[in-house]
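Chemist:
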Amino acid sequence: MDSPDTDWADVRLHVVTGKGGTGKTTVAAALALALAAGGRKVLLVEVEGRQGIAQVFDLPPLPYEERKIAVAPSGGDVYALAIDPEEAMLEYMEMFYGMRRAGRALTKMGIVDFATTVAPGFRDVLVTGKTSEAVRRRGRNGRRIYDAVVMDAPPTGRITRFLNVTQEVAGLAKVGPIKNHSDLVSGVVKSPETAVHFVTLLEEMPVQETLDGISELRAAGLPAGGVFVNMVRESQLPQAALDAAVKGRFDPDELALGLKAAGVADGAQAAELAKALGDEVVEHAHRTELERAERETLAGAGLTGYELPLLADGVDLAGLYELAESMRTQGAA
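Residue numbers (full-length UniProt numbering): 1 to 333.
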């Protein structure tokens with residue numbers, strides 16, 4: 001079906017990266033749901049072998065096969081694939097050399113592990129190659145099998161090297177199937193059909209790592225997408241109260257009087273409660289001010305930004321659908 005009117009309507013490969021602890025896998029899963037909404041078919045790919053997708057969707061460990069794991073809002077299907085480098089190696093050997101049986105023998109000898117350890121770039125070619133094949137794959141009717149593919153990619157600090165497959169295999173092969181395969185993968189990754197999205201929090205370290213990652217990506221000629229700010233907490237206080245707290249103008253005595261007038265507390269109890277609440281207000285105000293500064297810093301990167309709410313009940317299947325709806329509302333999918 002036709003692409004919806006979104007910020008990434010022409011993108012078929014969505015690569016999701018982020019610093020550890022920012023909720024990268026959760027955002028990738030929610031994005032897959034959002035992209036599949038309305039009757040589309042989306043593949044969610046995991047490349048790190050952590051079974052993070054299975055955990056987020058509360059499923060048993062996923063095998064090395066594409067299988068349906070969720071139904072998106074208003075119809076649409078999300079499929080998942082947990083890529084196993086060893087199995088990808090066997091597919092590769094069968095595809096280019098017709099040596100799947102020999103490949104299994106090599107696996108038993110530990111040569112596959114040796115090859116991917118000595119030449120980690122080769123491992124990256126295998127997993128990105130499997131993903132790019134899913135992006136290109138067409139059915140008998142000539143149409144793409146998947147409307148979009150979402151990759152839960154390695155962390156920000158490794159993403160550019162992971163995606164820059166042509167350079168990574170330059171020392172492995174100058175010609176032949178490996179070189180041709182890496183060129184084909186690179187053609188997909190560096191095309192307008194790909195966007196690399198960053199997941200961050202409104203905290204100094206994740207924001208700085210995001211900015212560094214964006215710079216490295218651009219320097220390598222790879223396509224930067226959007227920035228998903230995860231776990232955003234809405235302020236429960238009006239701006240005037242926050243400004244007063246930041247500037248040290250918050251008066252706990254006035255709050256104590258208010259507590260007394262409301263009949264919530266009286267005397268020393270009101271003063272004690274007012275002080276505790278006052279400390280929380282000041283802390284909240286300073287955190288809000290820091291988050292505002294980090295928003296401005298992220299805006300300087302020039303990428304489209306999306307803010308995802310902090311889920312009060314934690315990340316479960318209902319929470320994933322809530323995040324997916326937030327993405328759709330903001331035009332990310």
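All residues carry an ideal CB built from backbone N, CA and C; glycine is no exception.
Keep in mind the model is a prediction, meaning the values are calculated, not measured.
To the nearest angstrom, how far is it from the Cα of Pro309 to the Cα of Arg233?
Modeler: Within the sequence shown, residue 309 is the residue found at index 309, counting from 1. Within the sequence shown, residue 233 is the residue found at index 233, counting from 1. Rounded to whole angstroms, Pro309 to Arg233 spans 6 Å at the Cα level.
Chemist: State the Cα-Cα distance for the pair Arg292 and Tyr64, rounded to the nearest angstrom.
Modeler: Within the sequence shown, numbered from 1, the residue matching residue 292 stands at position 292. Within the sequence shown, numbered from 1, the residue matching residue 64 stands at position 64. Roughly 43 Å separates the two Cα atoms.
Chemist: Quick one: is Asp124 buried, meaning 16 or more other Cβ sit within 10 Å of its Cβ, or exposed?
Modeler: Within the sequence shown, residue 124 is the residue found at index 124, counting from 1. Asp124 should be labelled buried.
Chemist: Helix, strand or coil, according to DSSP, for Arg137 in the structure here?
Modeler: Locating residue 137 in the sequence shown gives position 137, counting from the first residue. Looking at Arg137 - three-state DSSP - the assignment turns out to be coil, as it is neither helix nor strand.
Chemist: Roughly how far, in whole angstroms, is the beta-carbon of Thr131 from the beta-carbon of Gly213, given that I think they are within contact range, below 8 Å?
Modeler: The residue given as residue 131 occupies position 131 in the sequence shown. The residue given as residue 213 occupies position 213 in the sequence shown. Going by Cβ atoms, the distance from Thr131 to Gly213 rounds to 19 Å, so no, they are not a contact pair.
Chemist: What residues match up with Ala70 in a beta bridge as DSSP calls it?
Modeler: In the sequence shown, counting from the first residue as 1, residue 70 sits at position 70. According to DSSP, which records beta bridges pairwise, Ala70 is partnered with Val78.
Chemist: How should Met1 be labelled, buried or exposed, when 16 other C-beta atoms within 10 angstroms of its C-beta is the threshold for buried?
Modeler: Position 1 of the sequence shown holds residue 1. Confidence at Met1 is low in this model, with a pLDDT of 39, below 50, so its placement is unreliable and no value can be given for it.
Chemist: Which complete beta strand (DSSP E) runs does the segment 144-171 hold, if anything under 3 residues is left out?
Modeler: 148-152
Chemist: Pairs of beta-carbons, one from the segment 70-78 and one from the segment 33-43, closer than 8 Å: are there three or more?
Modeler: yes
Chemist: In chain order, what residues of the same chain have a beta carbon less than 6 Å from the beta carbon of Thr210, not counting five sequence neighbours either side?
Modeler: The sequence position of residue 210 within the sequence shown is 210, counting from 1. Taking C-beta separations shorter than 6 Å and ignoring five residues to either side along the sequence, the partners of Thr210 in its chain run Phe198 and Thr200, following chain order.
Chemist: Check the DSSP bridge columns for Tyr306 and list the partner residues they point to.
Modeler: In the sequence shown, the residue the question calls residue 306 occupies position 306. Looking at the DSSP output, Tyr306 shares a beta bridge with Phe228.
Chemist: Specify, as a first and last residue, the run of the beta strand (DSSP E) that Leu13 falls within.
Modeler: Numbered from 1 along the sequence shown, position 13 holds the residue referred to as residue 13. It spans Leu13 to Gly18 - the beta strand (DSSP E) in which Leu13 sits, taken as one unbroken run.
Chemist: To the nearest angstrom, report how far apart Val135 and Ala88 are at their CA atoms.
Modeler: Working through the sequence shown from its first residue, we reach residue 135 at position 135. Working through the sequence shown from its first residue, we reach residue 88 at position 88. Those two C-alpha atoms are separated by around 16 Å.
Chemist: Give the DSSP-derived three-state secondary structure of Leu59 in the structure shown.
Modeler: Counting from 1 along the sequence shown, the entry for residue 59 is found at position 59. Leu59 falls in the coil class under three-state DSSP.
Chemist: Going by C-alpha distance, which of Pro73, Val71 and Gly49 is nearest Ala82?
Modeler: As a position in the sequence shown, residue 82 is number 82, starting the count at 1. Cα-wise, what sits closest to Ala82 is Gly49.
Chemist: Distance, Cα to Cα, Gly187 vs His284?
Modeler: Counting from 1 along the sequence shown, the entry for residue 187 is found at position 187. Counting from 1 along the sequence shown, the entry for residue 284 is found at position 284. The alpha-carbon separation between Gly187 and His284 amounts to approximately 47 Å.
Chemist: To which residues of the same chain is Ala28 closer than 7 Å at the C-beta, ignoring the five residues directly before and after it?
Modeler: Mapped onto the sequence shown, residue 28 falls at position 28. Within the same chain, Ala28 has close Cβ partners Val16, Leu44, Val150 and Asp152.
Chemist: Nearest to Gly129 by alpha carbon, out of Gly20, Leu184 and Tyr146?
Modeler: If you number the sequence shown from 1, residue 129 lands on position 129. Minimum Cα distance to Gly129 is reached at Leu184.
Chemist: May I ask you to list the residues that DSSP assigns as paired with residue 411?
Modeler: Past the edges of the chain, shown from 1 to 333, lies residue 411, and the structure says nothing about it.
Chemist: Can you tell me whether DSSP reads Thr210 as helix, strand or coil?
Modeler: Translated into positions along the sequence shown, residue 210 becomes position 210. Helix.
Chemist: When you compare only the Cα positions, how much space is there between Ser215 and Arg158?
Modeler: Mapped onto the sequence shown, residue 215 falls at position 215. Mapped onto the sequence shown, residue 158 falls at position 158. If you take the alpha carbons of Ser215 and Arg158, they lie about 13 Å apart.
Chemist: Pick helix, strand or coil for Ala301, following the three-state DSSP scheme.
Modeler: On the sequence shown, position 301 is the one that residue 301 refers to. Looking at Ala301 - three-state DSSP - the assignment turns out to be coil, as it is neither helix nor strand.
Chemist: Using the rule of at least 16 other Cβ atoms within 10 Å of the residue's Cβ for burial, across every protein chain shown, is Ile281 buried or exposed?
Modeler: Taking the sequence shown and counting its residues from 1, the one referred to as residue 281 is at position 281. Note on identity: in this sequence residue 281 is Val, with Ile being the wrong assignment. Flag for Val281 reads buried.
Chemist: Going by DSSP, what residue range makes up the alpha helix (DSSP H) through Val27?
Modeler: Position 27 of the sequence shown, counted from the first residue, corresponds to residue 27. Residues Lys24 to Ala36.
Chemist: Grab the span of the alpha helix (DSSP H) containing Thr329 for me, first residue to last.
Modeler: For the purposes of this step, residue 329 is identified with residue 329 of the sequence shown, where counting begins at 1. Counting along the chain, the alpha helix (DSSP H) containing Thr329 begins and ends at Leu317 to Gln330.
Chemist: Report yes if the CB atom of Ala34 is closer than 7 Å to the CB atom of Arg328, and no otherwise.
Modeler: Start at 1 with the first residue of the sequence shown, and residue 34 comes out as number 34. Start at 1 with the first residue of the sequence shown, and residue 328 comes out as number 328. Yes, the Cβ-Cβ distance between Ala34 and Arg328 is below 7 Å.
Chemist: Tell me Phe198's beta-bridge partners as DSSP assigns them.
Modeler: The count along the sequence shown starts at 1 and reaches residue 198 at position 198. According to DSSP, which records beta bridges pairwise, Phe198 is partnered with Thr17 and Val227.
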